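Trainee: To convert, count from 1 in the sequence shown and add 418; that's our numbering. Every residue, glycine too, gets a C-beta built ideally from N, C-alpha and C. All values derive from a computational prediction rather than experimental measurement.
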Amino acid sequence: MKKIYISFCLIIVSYGTFAQLDLKACLAMADTANLTIRNAELDIEINKRERSSYLSSRLPQLEFNADYKYNAIIQGQVVPAAFFGGESGSYATVQFGVPYVLSNNIQLTQILFNSQLNYGLAALKINADIVETQRNITIQEIRYQVSNSYFLLQGLEKQLAFLERNLSQTLKLLKNVNGLVEKGLALQLEADKIKINLLNIENGISMAKSSKEQLTDLLKILIGYPKDKTLTLIEDSMIEQSLIKSNETKQFYALRLIESQQAMNKEESKGIKMSYLPNLNFYSIYNYSYNINPGDNFRKGIDGVFLGLRFDWRLFDGMQRSYKSKMNAIRTGKLANQYEIANQQLEMAANQAKRQIKLKSEALNLAKEQLALAENVFEQTSLKFEKGLINTTELTLTENSLYQAQNNIVTNYIQLRQAELDYLKSIGNIK
419 MKKIYISFCL
429 IIVSYGTFAQ
439 LDLKACLAMA
449 DTANLTIRNA
459 ELDIEINKRE
469 RSSYLSSRLP
479 QLEFNADYKY
489 NAIIQGQVVP
499 AAFFGGESGS
509 YATVQFGVPY
519 VLSNNIQLTQ
529 ILFNSQLNYG
539 LAALKINADI
549 VETQRNITIQ
559 EIRYQVSNSY
569 FLLQGLEKQL
579 AFLERNLSQT
589 LKLLKNVNGL
599 VEKGLALQLE
609 ADKIKINLLN
619 IENGISMAKS
629 SKEQLTDLLK
639 ILIGYPKDKT
649 LTLIEDSMIE
659 QSLIKSNETK
669 QFYALRLIES
679 QQAMNKEESK
689 GIKMSYLPNL
699 NFYSIYNYSY
709 NINPGDNFRK
719 GIDGVFLGLR
729 FDWRLFDGMQ
739 RSYKSKMNAI
749 RTGKLANQYE
759 IANQQLEMAA
769 NQAKRQIKLK
779 SEALNLAKEQ
789 LALAENVFEQ
799 TSLKFEKGLI
809 NTTELTLTEN
819 SLYQAQNNIV
829 TNYIQLRQAE
839 LDYLKSIGNI
849 K
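(1) Just how far apart, CA to CA, sit N536 and L834?
(2) Between the C-alpha atoms of K576 and K778, what's the straight-line distance to the nearest angstrom?
(3) Count the other C-beta atoms from every protein chain shown that fall within 10 angstroms of the C-beta of I560, then say buried if there are 16 or more, exposed otherwise.
(4) What do you get for D730, buried or exposed, if any count of 16 or more other CB atoms within 10 angstroms of its CB means buried?
(5) Measure the CB-CB distance between L539 and Y488 and report whether it falls below 8 angstroms.
(6) In or out: Y831 buried (at least 16 other Cβ within 10 Å) or exposed?
(7) Below 6 angstroms CB to CB, which residues in the same chain sit around Y821 once its five sequence neighbours on both sides are set aside?
(8) For A510, report the span of its beta strand (DSSP E) as first-last.
(9) So, do the stretch 609–627 and the stretch 798–817 have three or more beta carbon pairs nearer to each other than 8 angstroms?
(10) From G434 to K647, what distance separates their C-alpha atoms?
(11) For the stretch 677–763, list the beta strand (DSSP E) runs that are entirely contained and at least 3 residues long, ordered along the chain.
(12) Can you give me the start and stop residues for the beta strand (DSSP E) that I529 sits inside?
(13) Between which two residues does the beta strand (DSSP E) holding T650 run?
(14) To test your reading of the DSSP string, which unbroken alpha helix (DSSP H) runs of 4 or more residues are found completely within the stretch 426–502?
(15) Pull up the distance between the alpha-carbon of I848 and that of K668, whole angstroms please.
(16) Just curious, the alpha helix (DSSP H) that Y643 is in, first and last residue?
(17) Given this structure, state the Cα-to-Cα distance separating S432 from S586, to the nearest angstrom.
(18) In angstroms, rounded to a whole number, what distance separates the CA positions of V496 and Q525?
(19) Taking the alpha carbon of E550 as the point to measure from, which residue in L789, L460, N596, S474 has its own alpha carbon closest?
(20) When you compare each of R553, E620, A837, L453 to R852 by their alpha carbons, which one comes out closest?
(21) For the alpha helix (DSSP H) that S586 lies in, which residues bound it at each end?
(22) Evaluate F531 with the Cβ neighbour count: other Cβ atoms within 10 Å of its Cβ, from every protein chain shown; 16 or more gives buried, anything less gives exposed.
(23) On a CA-only basis, which of F514, Q438, Y757, L640 is nearest R360? Give me that one, please.
(24) Assuming L661 and L842 make a contact with CB atoms under 8 angstroms, what is their CB distance in whole Å?
(25) Among residues of its own chain, excluding the 5 on either side of S702, which ones have a beta-carbon nearer than 6 angstroms to its beta-carbon?
(26) Does the ligand MN have a heavy atom nearer than 7 angstroms to the CB of L753?
(27) Just how far apart, CA to CA, sit A785 and N584?
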């Protein structure tokens with residue numbers, strides 16, 4: 419965690435207070451500073467500690483226990499009276515022991531053979547693969563959110579640029595029309611129509627700026643960027659440039675999870691078979707017992723040492739292991755089906771996403787042509803309006819066509835980027 423924090427600090431310092439980040443820099447910051455990704459990294463560390471903890475069970479175990487007992491009434495035992503020279507066939511009650519017994523035990527236990535030990539180690543290794551795959555899935559999800567936010571902000575920047583330019587043109591036009599109204603060459607209605615467009619543009623700018631602020635805050639959270647620092651993105655000016663490279667490799671993490679589950683199921687089958695074997699432990703006990711009888715002023719310490727082997731073998735478990743084996747076999751078939759279904763779905767999703775990229779790319783190129791035409795038509799229409807050849811109604815229609823063309827190019831730009839991200843996410847290769 420310390421290395422991650424240092425890496426993040428180095429990135430922040432390298433970009434300074436007023437950072438200008440591209441997508442690569444945003445993704446690098448998210449990989450080191452995003453809290454969700456850091457938690458996924460911590461899950462890997464926890465799994466390593468669990469393995470170390472499990473391995474320690476193979477080491478000798480040392481235990482101490484003490485039992486300090488006061489016998490208020492010493493329990494008696496019945497013995498034949500002949501044992502003390504009494505009459506045969508009669509019995510006497512004899513009390514053994516003293517009122518106070520202080521017993522201390524130290525026990526050493528060492529596993530010599532445990533049928534489930536190897537299964538546990540294999541399960542932890544497979545679980546490590548599962549946790550790592552889940553970490554990679556988390557990274558891909560965060561990278562998708564970062565990239566999507568990045569391109570939405572790019573789209574908003576382009577939209578704001580269009581709106582600011584439209585605002586400048588509309589203010590200029592309104593000034594000219596107001597001049598004509600003052601000279602009696604135009605009706606006030608003509609100026610009011612332009613004012614409506616002006617208000618719509620100003621409202622659009624306010625909404626775009628609000629959305630930009632919200633998305634910027636979200637992106638800061640995703641990449642772990644300080645809230646009090648200004649975040650500026652490098653313009654993605656080459657809107658036709660693709661995120662997809664020709665050598666993209668497919669990494670279906672969902673399939674990896676199923677493969678890990680299959681491996682776990684296989685190890686469980688081995689574990690069930692191994693459970694038929696016995697377990698063997700070595701143990702050693704040292705006991706020290708101190709006996710006290712205050713009435714006779716008697717005190718005596720007695721020690722003892724025991725060495726032994728404990729052999730445990732479950733000969734019959736009520737058919738539990740047999741039923742577990744059958745369930746394991748059913749689960750094996752189910753996982754095979756899940757793998758095939760997931761593989762088909764992932765391949766289909768990747769192919770569909772790739773087709774969407776082609777469609778969105780064509781739509782973006784078409785939108786660029788439409789924008790060029792709309793700008794030319796608006797320019798010609800504006801000249802005619804200035805010469806008094808057309809009224810504001812025709813000019814407004816042309817303006818609306820231009821605004822629609824501008825919105826289309828921004829929309830298609832975002833949709834193309836999202837289609838590319840959907841494809842990269844489907845193959846687990848956002849980087």
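Mentor: In brief:
(1) Computed Cα separation, rounded: 51 angstroms.
(2) Rounded to the nearest angstrom, the two C-alpha atoms are 18 angstroms apart.
(3) Label assigned to I560: buried.
(4) Note on D730: under 16 other CB atoms within 10 angstroms of its CB, so exposed under the neighbour-count rule.
(5) no
(6) buried
(7) none
(8) 509–513
(9) yes
(10) Bear in mind that a pLDDT of 48 at G434, under 50, signals an unreliable position, so the number given afterwards is only what the model happens to contain. In a straight line, the C-alpha of G434 is about 9 angstroms away from that of K647.
(11) With a minimum length of 3 residues, the continuous beta strand (DSSP E) runs that stay inside the stretch 677–763 are 697–711, 716–730.
(12) 518–531
(13) Segment 649–651, the beta strand (DSSP E) holding T650.
(14) For the stretch 426–502, the continuous alpha helix (DSSP H) assignments of 4+ residues that do not extend past its boundaries occur at 441–451, 453–473, in sequence order.
(15) 11 angstroms
(16) It is not in any alpha helix (DSSP H) - Y643 carries neither H nor E in the DSSP assignment.
(17) In this prediction, S432 scores a pLDDT of 48, lower than 50, which makes its location untrustworthy; the coordinate-derived value is nonetheless stated afterwards. Cα-Cα distance, rounded: 37 angstroms.
(18) 33 angstroms
(19) That would be L460, whose Cα lies nearest to the Cα of E550.
(20) In this structure the chain extends from 419 to 849, so residue 852 is not present and cannot be described.
(21) 535–600
(22) exposed
(23) Absent from the structure is residue 360, since the part of the chain shown begins at 419 and ends at 849.
(24) The Cβ separation is near 7 angstroms, so the contact holds.
(25) L526, L725
(26) Ligands are entirely absent from the displayed structure, and the ligand MN is therefore not among its contents.
(27) 18 angstroms
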